[in-house]
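Let me begin by presenting the structure, written as C-alpha cells, before commenting on it.
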Amino acid sequence: EPVDRQVAIKLIQRRIRNPAGEVHFLIERQALAQMQHPAIAQIFEAGTNPDGFPYFAMEYVPGEPLLAFCNSHQLDIKARLKLFIKICQGVSHAHQKGIVHRDLKPSNILVSLVDGVPQPKIIDFGIAVAETSASDRRHLGSVGTPVYMSPELFDNSTSIDTRADIYSLGVILCELLCDQRPYPGSLFKATETSLIRHKLNEQPPASASELLRRAAGDAERIAGQRSTSP
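Reading the sequence shown from the start, the letters are residues 431 to 660 in my numbering.
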C-alpha cells in the first residue's frame, strides 16, 4: 500500500517451527530484499502466514521459460550466449549479496522481449540461502532439482557455496547449446543420494559437441532451433 500492482506469490512448503528458524528467515528475507538487478525478479514483501509458512511477494514476470523462449524464437548460438551472460551477471549479483540460489534451472529463468531485446529474469529465490554450513544444511535438508544439482548438494554433511550455482549454470549452458544435459537422466534415478554423488564425481560429463553427435537423427531439429546446421 498504497500502490496497486500485480505480483507473484511464492509460498514455501516448510513451516518455521522455532526461533532459530525465524531468525534464519529474517536474515534471508533481508538479503533477498537488497538484490536490485535487471536479471532478478524483485522481492516486494516477505513474511509468514498464520500457519507459520513463509511467503514471498515478488515481481510478476510475463515471460517464457528460458529453453522454450530460445527455441520458439529460434535464437542462434550467439544470441543464446548473450542471454546467458545476462543470466550469469544476475547470479553474480546475488552471490555478491551472499545469496546462493540452490535451484537454478531453465524453468526458474523467465525471458521476455523488452524493446525487442530478450531479457531474462531469475525467479524462485525462495529456497535460496546464504552460504550454508554443514550444520545448517542438516537442519534445512536437501533442496533442488537433481539433474541440475552439483555433487555436494547430494550430501547434507558438506557445506555449500556459490560454486553450486556455477555448476547449475554449466548444465543450463549445455542445454542452451545442444538441447541436452551433460549427464543422462537415468543417472539421477538412484535411490541412494551417495550413489548419485559418487557417479557425478567419477564420471566425466560429455561435451556439448559429443552430445550433439550422439543425437544422430535428432541433430537436424536441434540445429534448426538454433538457426544453423549440425
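For every residue, glycine included, the Cβ atom is placed at its ideal position computed from N, Cα and C. Note that the structure is predicted; figures quoted are calculated from it, not measured.
Where the beta strand (DSSP E) through residue i begins and ends
{"i": "Ala487", "result": "Pro484 to Glu489"}
{"i": "Val437", "result": "Val437 to Leu441"}
{"i": "Ala476", "result": "Ile473 to Thr478"}
{"i": "Leu543", "result": "Ile539 to Val544"}
{"i": "Lys535", "result": "Neither: Lys535 is in no beta strand (DSSP E) and is coded neither H nor E."}
{"i": "Ile552", "result": "Val547 to Ile552"}
Cα-Cα separation, residue i to residue j
{"i": "Thr623", "j": "Arg510", "result": "33 angstroms"}
{"i": "Arg643", "j": "Asp506", "result": "19 angstroms"}
{"i": "Val541", "j": "Leu599", "result": "16 angstroms"}
{"i": "Glu605", "j": "Ser502", "result": "15 angstroms"}
{"i": "Ser589", "j": "Pro536", "result": "25 angstroms"}
{"i": "Leu543", "j": "Leu497", "result": "14 angstroms"}
Delimiting residues of the alpha helix (DSSP H) encompassing residue i
{"i": "Ala461", "result": "Pro449 to Ala463"}
{"i": "Leu603", "result": "Arg593 to Cys608"}
Counterpart residues of residue i in DSSP-defined beta bridges
{"i": "Glu494", "result": "Val541"}
{"i": "Ile380", "result": "Nothing in the structure corresponds to residue 380, since the chain is present only between 431 and 660."}
Residues of its chain near residue i, where Cβ-Cβ distance is below 6 angstroms and the 5 sequence neighbours each way are ignored
{"i": "Met488", "result": "Ala438, Ala471 and Ile473"}
{"i": "Arg444", "result": "none"}
{"i": "Asn631", "result": "Pro581"}
{"i": "Leu617", "result": "Lys629"}
Residues of its chain near residue i, where Cβ-Cβ distance is below 7 angstroms and the 5 sequence neighbours each way are ignored
{"i": "Val547", "result": "none"}
{"i": "Gly477", "result": "Tyr485"}
{"i": "Phe455", "result": "Ile446 and Pro484"}
{"i": "Phe514", "result": "Leu603 and Leu606"}
{"i": "Ala461", "result": "Lys527, Gly528, Ile529 and Ala560"}
Contacts around residue i, its chain only, beta-carbon distance under 8 angstroms, and the 5 residues preceding and following it disregarded
{"i": "Asp585", "result": "Thr623, Ser624 and Arg627"}
{"i": "His467", "result": "Gln519, Gly520, His523 and Ala524"}
{"i": "Val433", "result": "none"}
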